[in-house]
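So the structure is just underneath, and the comments pick up after that.
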Amino acid sequence: MKQIVGGSLTDEGAVENFVASEGAAHFAEMFRRDDLRGGHVIQLGPGNRNAAQEALASWPGGLQLGGGVNLENAADWLSAGASEVIVTSYLFDKEGHFLKENLAQLAREIGPENLVVDLSCRRSADGWQVAMNRWQTLTDLPVTTAVLDALGEWCGEFLIHAADVEGKCGGVDADLVELLGTWSGRPMTYAGGVGTMTDLELVQERSGGRVDVTVGSALDIFGGQGVSYRELVAWNQREENCS
């Protein structure tokens, strides 16, 4: 299990923040004990299938699976224990043109409620553009409320990494969070840049409480110093009780 600087990921590797001595299943079991649902098991290249399967088997129905998901294997990953599958690159051709029919086919095959559309993005002159191919290729799909409206009927949730700040623990993209918070058609999870508990509160504030947030490299269990795992569990339980 690794924590990386997301925007550095290429075929040759990535800048690594942390490499765990324990396998993915160890962390899946930890999240299961603390009832932290919806965590992301992402296959960031070849050779990860066994580790992903072990994590899903450790908590059937508790984790989402992403990385290489397509029409041929999505149902298999759900059968392996994924609560939902996460898809990005399958929705675009090699040049980055959006393929709506691929999304529609996938939703019809497994049900939109089992599908998380990943619109991870980079900043552009006009806002944010969805990035695919390990966040290296900008697509022709912007992140706007109109796009969320158009795609919302085909999925149960959106996941949006701010790739420019992912893994850097230097603060969230508050402008992106605010944009996402103006739309409430589907559950939404933001990822990228969380460095301290203050960033979690900022996401809550700037999104009006409508956007969930993931924490990775800042966590002490992943080698970070800004957020303790026990503190995060307590914060999550508090937010659930308030909702």
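Here numbering that gives the first Met the number 0 is used: the first residue of the sequence shown is 0, the next is one more, and so on.
Glycine included, each C-beta is placed from N, C-alpha and C at the ideal position.
Quick caveat: nothing in here was measured; it's all calculated off a predicted structure.
Inter-residue spacing [alpha-carbon to alpha-carbon] between residue i and residue j
i       : j       : result
Gly-170 : Thr-188 : 16 Å
Gly-5   : Phe-91  : Below a pLDDT of 50, predicted positions are generally treated as unreliable, and Gly-5, at 49, falls in that range; the measurement from the model is reported next regardless. C-alpha separation (whole angstroms): 20 Å.
Leu-199 : Val-193 : 7 Å
Gly-66  : Ile-41  : 5 Å
Cys-241 : Glu-71  : 40 Å
Arg-246 : Thr-181 : In the structure as shown, the chain starts at 0 and stops at 242, and residue 246 therefore has no counterpart that could be examined.
Asp-117 : Thr-136 : 14 Å
Leu-98  : Met-196 : 38 Å
Ala-13  : Arg-133 : Unreliable positioning characterises Ala-13 in this predicted model, as indicated by a pLDDT of 47, which lies under 50. The coordinate reading is nonetheless provided below. Their backbone Cα atoms lie some 10 Å apart in a straight line.
Gly-222 : Arg-122 : 28 Å
Ala-81  : Phe-157 : 16 Å
Asp-148 : Leu-179 : 12 Å
Gln-224 : Gly-191 : 16 Å
Asn-69  : Leu-231 : 33 Å
Trp-76  : Ala-145 : 30 Å
Tyr-228 : Asn-113 : 28 Å
Val-129 : Pro-141 : 6 Å
Asp-211 : Val-202 : 8 Å
Assumed close pair residue i, residue j - CB separation to whole angstroms, cut-off 8 Å
i       : j       : result
Ala-217 : Val-226 : 5 Å
Ser-119 : Ala-162 : 6 Å
Thr-87  : Met-131 : 5 Å
Buried versus exposed call for residue i [16 or more other C-beta atoms within 10 Å across all chains shown]
i       : result
Asn-49  : exposed
His-96  : exposed
Thr-138 : buried
Glu-83  : buried
Pro-111 : buried
Glu-238 : exposed
Gly-215 : buried
Gln-236 : exposed
Arg-205 : buried
Gly-46  : exposed
Lys-167 : buried
Glu-152 : exposed
Ser-78  : exposed
Gly-38  : buried
Opening and closing residue of the alpha helix (DSSP H) in which residue i lies
i       : result
Leu-102 : 99-109
Val-146 : 144-151
Trp-210 : The question names Trp, but residue 210 in the sequence shown is Val. Looking at the DSSP string, Val-210 is not in any alpha helix (DSSP H), and its letter there is neither H nor E.
Ser-88  : First-last for Ser-88: undefined, no H or E at that position.
Ser-78  : 73-78
Gln-203 : 196-205
The beta strand (DSSP E) enclosing residue i, as first and last residue numbers
i       : result
Arg-237 : From DSSP, Arg-237 is part of no beta strand (DSSP E) but of the alpha helix (DSSP H) over 228-241.
Leu-114 : 114-117
Thr-136 : 136-141
Arg-133 : Premise fails: Arg-133 is in no beta strand (DSSP E) and is neither H nor E.
ask   = Counting only runs that start and end within the stretch 22-54, where is the alpha helix (DSSP H) found for 4 or more residues in a row?
value = 23-32
Inside the stretch 151-183 only - beta strand (DSSP E) runs reaching at least 3 residues = 156-160
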